[in-house]
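A.B. asks: Residue numbers (this note's numbering), protein chains in the order written: chain A, 1 to 247; chain B, 1001 to 1405; chain C, 2001 to 2396. Built from N, CA and C at the ideal position, the CB exists for glycine as well. Attaching a single structure in structure tokens format; questions to follow.
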Amino acid sequence: MTEEPIIYCKDVHKWYDDFHALRGIDMEVFLGEVIVIFGPSGSGKSTFIRTINRLEEHQQGQIMVDGIELSHDVRNIERIRMETGMVFQQFNLFPHLSVLQNVTLAPIWVRKWPKEKADKVAMELLELVGIPEQAQKFPGNLSGGQQQRVAIARALAMQPKIMLFDEPTSALDPEMIKEVLDTMTDLAESGMTMIVVTHEMGFARAVADRLYFFDEGLIVESGTPEEIYNNPQEERTKLFLSQIIQH
Amino acid sequence: MVNIAIEQDHIRPPQPPGFLKWMKENLFSSIFNTVLTILLIPLISYFLFAVSKWVFFAAEWRAVTQFPLLYAVGQYPRDQIWRVGIILSGLFLFLGISWGRWGGLLKSISFAAGFIMLVTALLPVQHPALDLSMRLYLGSNLLIILVGYLIGSKTAIKNIYIFVGWLLVPVCGIVLLAGFEASELIPNVSTTLWGGLLVTILLAAGGIFLSFPLGIALAFGRRSSLPVVSAFSTLFIEVIRGVPLVTILFMFSIILALFLPVESRIDRLVRALMAVTVFSAAYSAENIRGGLQAVPLGQIEASKALGMGNFKTTIFIVLPQALRAVLPAIVGQFISLFKDTTLVVIIGINDFLGIGRSIINSDPEFVQMRTEVYIFMAVVYWIFSYLMSLASRRMESAMGMSNNM
Amino acid sequence: MTNNQPSISSKDKIPFYRDERIIMIFAQVLSTVMIIGVLIWAIINFFKAAEARNMTLTFGFLKEAAGFPISNPPIDYEPGMSYIRAFQAGLINTLLISGIGIIAATIIGTLTALARLSSNWLLSRIALVFIEFHRNIPLLVLLFIWYFVVFGFVPPVKESLQWPGPIFVNKRGVYLTWPRLTETGGIFIILVVIGFLVSILAFTMLRGRRKITGKETYYIPTSLFLLMIFSLGGWFLSGGTPFQLDIPYLKGFNYQGGLRLTPEFAGMFLSLSLYTAAFIAEVVRGGIQAVDRGQLEAARAVGLSQFQVLSLVIMPQALRIIIPPMISQYLNLTKNSSLALAIGFQEVFAVGKIAINQAGRAVPIFALIMLTYLSLSLLTSFVLNIYNRRIQFVMR
């Protein structure tokens, strides 16, 4: 293989004081791949995805994103954050800005686009996620599903190479989960590189190229959806899958 | 025992209003309440009767009515008083523009200002200070507010220019009030001549305005991860909040000079303003810090994930949300600062209260009228701060409605 | 930190100006240098000024004779006594006016809040007028009204106003009839105190028994009865005269006896306590109203009586909300007592002000004044912190 992985993680460790949250994570993600990470709460899956754009600092190991090494270098951190978009569990839209302003803020001030261009791109993206008519509203007036789709548009507006999703549907009411998952599926089909932390196994099965099962800060098992579903190797994986598929 | 009403008003089923019904429910709901009402009515009537008798017949209002300009601007030279007029009109212009642009509360404020101007212009009394030109000036302010309204609502003047205007008028105003040593047109007017409401408003508005950036800086300083900055900010805030304003006023009027180079000399009024600013900044800082703490961590993370650095995150995400949350508290603080400025009397500055005092002491005849003067002072201060607290309450409820995040 | 792992190895060396760790250290150093630099600059200026004006910077002068009179010393004081003594007199005056002011403000404020919440519309409106009047005028104006207007127009000694009590009011102050302890009064006081302790003990024990066994123990009547027994016992033991009414009487040009409040003290006391009472009323009202309506309904639903609802459900929750802002109102009152300077009631700030006017001692005296107020504030926030921590513990 001559192709370079776009995300390369080698032996990533993270401690919160005495608690060893990540205990040596290795992962390679190639351009256009969709990765789904799942596992019980406290398994370190969210922590891991947040180390990729430096919302959490890793203390040992190596993370490279698009050939840029994540280190104490401020410029590299900024560059990596521009390359990666992130969608949070709690949406984290800016309540004091309109939907449109939420989407255009970073392109204008970080990418230094003129306002017209940012507005145009933002409207296209809102069209894409299916809520162009809400552009002038404030996040507080939107439903959870709509807010999360705005959050996806906001992340896409920076034209990232990689999208990180940190449990994007966990805070949503059941009837809204589908509209967000549909948007994510569209995005995956357009060829976006994605890392998704989620328990939506239907989505994982349909969209993911590879699945990773995390437990206690380690990757317990990884493979294609078929491998993991039909023939899990580890007891822990079996147990966890049976638990989440039951409900 | 007094009955506590917290349960009555929600248990009571909705019923058609009626005066008798209202009386029964609110005045005669129980034997105790009936007795109370019967006792209170003559008491209140007597009180109101005595007060109105005094106000309209016994009181001598000469010490109040004789010096309207003194109460307004102190000893500011009468031939230079047009400078104050220009500033007032400038403020009214931008008030009108803002009303045209944003409406809401600003509309009520504009109406109130216009109403006061109209009433004073048409006051049916003979007074040397209220000659024809003064009446014309006061009346013309009505027009200025209206012109501002038209500019604000009909033209596409950019918001930023309105803000700049609000900033420029007071700043230029102070320069205009002080004047220049060498100037023929606007000769220097020593601040010892400034006084009255002018100084009260100058100190309160200047104090809150200047204390705001300082307060923000201190709030960030206190939360800073730099230990020296955080320790210094904390110490500063706690010391200022721990001592009375009088101490700080004296500190700035006596002690400050010792810590500056010997040759530096700071104007007396400026020192008072500095004291008021520093005092108010410590309280602002704590308010703002509360607002900063209320901004969820997720907001900062979302901003950083978009590639925005610390500075941009602070400017675009954290501060706007924090300040919105503390706006009512800041207005409340402005009201108390407005009242607290009276303390400058103690260091010998003739603010509104100071002018009242010096009028009383200027003539043995007026000493006998001190009741009237002090009542007048109380009424003026009361009206100002009551209106401000009314405005702040309206602002709070308006924000509560728009802000359902 | 248990993390002793080496930081990640890096292919290229990071330039120092982009390394976040170095930036952090640089910021630390820069901020430290700037702040300390300004402080040093100010201190150097200060020493220059001190030298030029020949100022005292030490506290040695405190033992010298103050040389100025204090118009209303709470302790024995004459101008020949030391600055320390003068300062003590001022401090006691501050504590006196604050302490009495706090008690009065709390009582007036709570009553006003209850009146404000009353179902009688008239009473509620009167309370509202009282609150809004005091909250919206400056304390100094209120003080001037009480001191210069009300006490300024009271008649001279010969034509003193006489109010029931008797209380005499004239230009020289307010003369109250005051119960003074007789020689045997000590026994009475001791027994009343013991009675209090015993009845509180009985109250808690019997109420505890009531809670555990569910049997009616009549804890309120019993404890009240105990208190009465002890008080009556004390009364008889002291021969029926624990107190003697000290009635003011006119002797020559002045009243003698009774408790005399100077116009300065009375004016200060009234304006401070009325002003603060208005704020306290809002605090108390807010606290009572903040208790969730559901709490009230739940308490009624389980069949508690009106009194039990108030004492067992509403008040404990309301107090939790009320006490912190109440304490900060107390602190405000204490700080506001410094306004007494404006009417010549000599508390700690006013005494300091006179001492400052005697050349060259501004700095140490100012330091002393600031320290006094700061230690009062620190004490208050200390109490408040303990309280908050206990509340948090209970709430958990």
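1. Measuring only between beta-carbons, confirm whether residue 1104/B sits less than 8 Å from chain A.
2. Please name the residue in 2055/C, 2232/C, 2084/C and 2296/C whose C-alpha comes closest to that of residue 2068/C.
3. Roughly how many angstroms separate the alpha carbons of residue 2166/C and residue 2362/C, rounded to a whole number?
4. For the alpha helix (DSSP H) that residue 2032/C lies in, which residues bound it at each end?
5. In whole angstroms, give me the CA-to-CA distance for residue 96/A and residue 138/A.
6. Looking at the strands, I want to know which residues DSSP matches up with residue 101/A.
7. Would you please verify whether the beta carbon of residue 1263/B is less than 8 Å from any beta carbon of chain A?
8. For a contact meaning CB atoms closer than 7 Å, what does residue 2373/C contact in chain B?
9. Just curious, the alpha helix (DSSP H) that residue 1367/B is in, first and last residue?
10. Applying the criterion that 16 or more other CB atoms from any shown protein chain within 10 Å of the CB defines a buried residue, is residue 14/A buried or exposed?
11. Could you check if residue 1408/B is buried or exposed, using at least 16 other CB atoms within 10 Å of its CB as the buried criterion?
12. Using a Cβ-Cβ distance under 8 Å, would residue 1317/B count as near chain A?
13. Can you find the residues in the same chain that come closer than 7 Å, C-beta to C-beta, to residue 2253/C, ignoring five residues on each side of it along the sequence?
14. Kindly indicate which three-state DSSP category residue 65/A falls into: helix, strand or coil?
15. Which bits of chain C does residue 74/A rub up against, with CB to CB less than 8 Å?
16. Leaving aside the five residues before and after residue 1367/B along the sequence, list all residues of the same chain whose C-beta is less than 8 Å from its C-beta, in chain order.
17. Which of the three DSSP states is assigned to residue 10/A in this structure?
18. Would you say residue 159/A lies against chain B (beta-carbon separation less than 8 Å)?
19. What does residue 41/A touch in chain C if you count any residue whose Cβ is under 9 Å from its own?
20. Who are the near neighbours of residue 171/A in its chain, counting only those whose CB is closer than 7 Å to its CB and skipping five residues on each side?
21. Hey, how far is the Cα of residue 1376/B from the Cα of residue 1259/B?
22. Excluding the five sequence neighbours on either side, which residues of its own chain have a C-beta within less than 7 Å of the C-beta of residue 1061/B, listed in chain order?
23. Whose C-alpha, out of 2130/C, 2332/C, 2093/C and 2172/C, is nearest the C-alpha of residue 2256/C?
24. From the DSSP output, which residues share a beta bridge with residue 2255/C?
25. Does DSSP classify residue 2388/C as helix, strand or coil?
26. Go through the segment 1153–1221 of chain B residue by residue and report every complete run of the alpha helix (DSSP H) that reaches 4 residues or more, in order.
27. Taking Cβ to Cβ, would you say residue 1132/B is nearer than 8 Å to residue 1123/B?
28. Sort 2315/C, 2287/C, 2346/C and 2205/C by Cα distance to residue 2321/C and report the nearest one.
29. If the cut is a Cβ gap below 7 Å, which residues of chain B does residue 48/A touch?
30. Within 8 Å (strictly less), CB to CB, does residue 1312/B reach chain A?
31. What do you get for residue 2098/C, buried or exposed, if any count of 16 or more other CB atoms within 10 angstroms of its CB means buried?
32. For residue 58/A and chain B, any beta-carbon pair shorter than 8 Å?
33. What residues of chain B sit near residue 106/A, judged by a beta carbon separation below 7 Å?
34. Tell me the rounded alpha-carbon separation between residue 2278/C and residue 1332/B.
35. Which partner residues of residue 2168/C appear in the DSSP bridge assignment?
36. Report the partner residues of residue 1389/B according to the DSSP bridge assignment.
C.D. replies: According to the structure data:
1. no
2. 2084/C
3. 45 Å
4. 2020–2053
5. 7 Å
6. Beta-bridge pairing links residue 101/A to no other residue.
7. With 8 Å as the cut-off, residue 1263/B does not count as an interface residue toward chain A.
8. 1242, 1243, 1244 and 1247
9. 1364–1367
10. buried
11. Past the edges of chain B, shown from 1001 to 1405, lies residue 1408/B, and the structure says nothing about it.
12. Chain A contact via Cβ: present.
13. Taken in chain order, the residues that qualify are 2157.
14. strand
15. 2018, 2019, 2020 and 2023
16. 1360 and 1361
17. Here residue 10/A sits in strand by DSSP.
18. no
19. Residues of chain C passing the Cβ test: none, with the nearest at roughly 23 Å.
20. 89, 90 and 144
21. 40 Å
22. 1372
23. Nearest to residue 2256/C by alpha-carbon distance, out of 2130/C, 2332/C, 2093/C and 2172/C, is 2172/C.
24. 2250/C
25. helix
26. 1159–1178
27. no
28. 2287/C
29. Going along chain B, no residue has its Cβ under 7 Å from residue 48/A, so there is no contact; the nearest lies around 15 Å.
30. yes
31. Its Cβ being crowded by 16 or more others within 10 Å, residue 2098/C is buried.
32. no
33. Here the neighbours are 1306, 1307 and 1308.
34. 16 Å
35. The secondary-structure analysis by DSSP pairs residue 2168/C across a beta bridge with 2162/C and 2175/C.
36. In DSSP, residue 1389/B forms no bridge with anything.
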